[in-house]
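Sequence order for the protein chains is A and B. For what it's worth, this note's numbering labels the leading residue of the first sequence as -1, then goes sequentially. For what it's worth, this note's numbering labels the leading residue of the second sequence as 1372, then goes sequentially. Structure, as C-alpha cells:
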Amino acid sequence: GAGVSQSPSNKVTEKGKDVELRCDPISGHTALYWYRQRLGQGLEFLIYFQGNSAPDKSGLPSDRFSAERTGESVSTLTIQRTQQEDSAVYLCASRRAGTTYNEQFFGPGTRLTVL
Amino acid sequence: SQQGEEDPQALSIQEGENATMNCSYKTSINNLQWYRQNSGRGLVHLILIRSNEREKHSGRLRVTLDTSKKSSSLLITASRAADTASYFCATADTGGFKTIFGAGTRLFVKA
C-alpha cells in the first residue's frame, strides 16, 4: 500500500512568512509524529498524536510552531513568522496502534529553507 | 533535548569488515530501535529490541541492549558499499509512544 507522503517536498520562504507542511500517514495508523532534522544532525522530536488522546507537544521549540491532525488522517505542521533557524528537513512518521512494539514509517520529508 | 547519544559520530571501513555503532540513553525505555537514513531524507526501520530483551538478530544485523548501562550496540557484519548511510538509535519512553532519536553515526563503506 501507499506509504507516508509529505508535501511540499521543498519549500523556500522569506523570513517572517508563515508556512504549512502537510503529512498523509499510512491508512489505519493511529500514531503520527513530526520531527525536525537540521543539516548533518539527528532527528529532533516535535510532537506526536495518538488516536483521540491529547497530543504530546513537549518538543515544539516555540509558540510559533503548532500542529493539528484531523481524526486519524492528515496532519499539518504550521510555523508562523519563520526564522532562518527554522531551516531544516521536517519529517513525518506514522505507526500502527495495538502495540508499542512496532516501528515508525517515515515520509520523505519537507525541506524548508528560510531566506 | 536528545536522549540518545551515539558513537562514533563517523565510521569508515572497508567492504567486508564489520561495523559497530553504540548508543547510550538516559531514562527508562519501553524499547529501542535502529533506523537507517540515506541522503538525509526518509528513515527506514532496521530492528527493534524490547527492554526485556538482550540481543536480537536480523540478517547481517545484530543488536544488543544493556538496560543496566542504558546502552545498545548495532553490529553490521560483512559490510557492503550499499550499507553506506547514517544510522540512528531511537528510544521509546515507558509509555511506548514518545520516541527520541540520537545524533546518528555516519557509516562509510569503501569498496
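All C-beta atoms in this analysis are idealised placements derived from N, C-alpha and C, irrespective of residue type, glycine included.
Compare the beta carbon distance of F47/A and S73/A with 9 Å and say whether it is the shorter of the two.
yes
Within chain A, the residues that Q1404/B reaches when beta carbons sit closer than 7 Å
E101
- Query: DSSP on A91/A, reduced to helix/strand/coil?
  - Reply: strand
Practice problem: Enumerate in chain order the residues of its own chain whose CB-to-CB distance from P59/A is below 7 Å, with the five nearest sequence positions on each side excluded. | Solution: none
- Show which residues of chain B have a CB atom less than 8 Å away from the CB atom of D54/A. F1468 and K1469
Under 7 Å between beta-carbons, which chain B residues line up against Y46/A? List them in chain order, please. F1468 and K1469
* Run the CB neighbour count on F23/A, radius 10 Å, all protein chains shown included, and call it buried at 16 or more, exposed below. => Residue 23/A is actually Pro in this sequence, not Phe. Buried: at least 16 other Cβ atoms inside 10 Å.
- Between the CA atoms of G1475/B and A1381/B - distance to the nearest angstrom: 8 Å
**Prompt:** Taking C-alpha atoms, which residue in T111/A, V2/A, F43/A and T68/A lies nearest to S56/A?
**Reply:** F43/A
Open item on the list: Classify N8/A: buried if its beta carbon has 16 or more other beta carbons within 10 angstroms, exposed otherwise.
Closed with: exposed
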